[in-house]
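Sequential numbering of the sequence shown, starting at 628, is according to the working numbering.
Where is the CB? At the ideal position from N, CA and C, for every residue including glycine.
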Amino acid sequence: MTEEIEGLKLTEEEATSIAEEASALAEALSGVRRSRALLLAEAAREGAIPAELIDVLEGLAVLVLQTGRARQRSGAEGERLWTRLLLHTPRGRELREQIAAVNRALQALIGRRLDSVRVEMRTLGHFTLHLSSEGVAITLAIRADGVQIESLSAG
């Protein structure tokens, strides 16, 4: 089932930040990508992002968050603003679903004594967190694109 993408109405602060970042990004791009970044900046100035530009907003949000630009330019509040924007995109909704699934799995550990906790690095940017508690074992995979349940066993 494909979820329909909706447009996004912006606060003044969001509109300003998106317009500035999209304009700056457009300067480094060419062709269709440049045109779409400029359309995003224009839409932001008008106060709403149409559904057909949500993918551009999503890419921009990922870029400013992963590079640290949001925090460098606007501190923790800028980072929070861009995180909120990301959560309104398809990728953001996927991240929320992943987090909810992990939290549901972690409920199995409530009230239990923790027997072991271990973090391992699979490769750069890919970590696992192993939790074991009174017969329940959970392994989480943690990457830049989210957190997922890798394994869950009871018994």
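According to the DSSP assignment, Glu-747 belongs to no alpha helix (DSSP H) but to the beta strand (DSSP E) extending over 743 to 750. Note that the C-beta distance between Thr-716 and Leu-692 is not below 8 angstroms. Between the segment 737 to 755 and the segment 696 to 707 there are fewer than three C-beta pairs closer than 8 angstroms, too few to call the two in contact. Around the beta carbon of Ser-778, a 10 Å sphere encloses fewer than 16 other beta carbons of the protein chains shown; the residue is thus reported as exposed. His-753 and Arg-739 have their alpha carbons spaced roughly 28 angstroms apart. The shortest C-alpha to C-alpha distance from Leu-635 to any of Glu-647, Leu-652, Leu-714, Arg-723 is the one to Leu-714.
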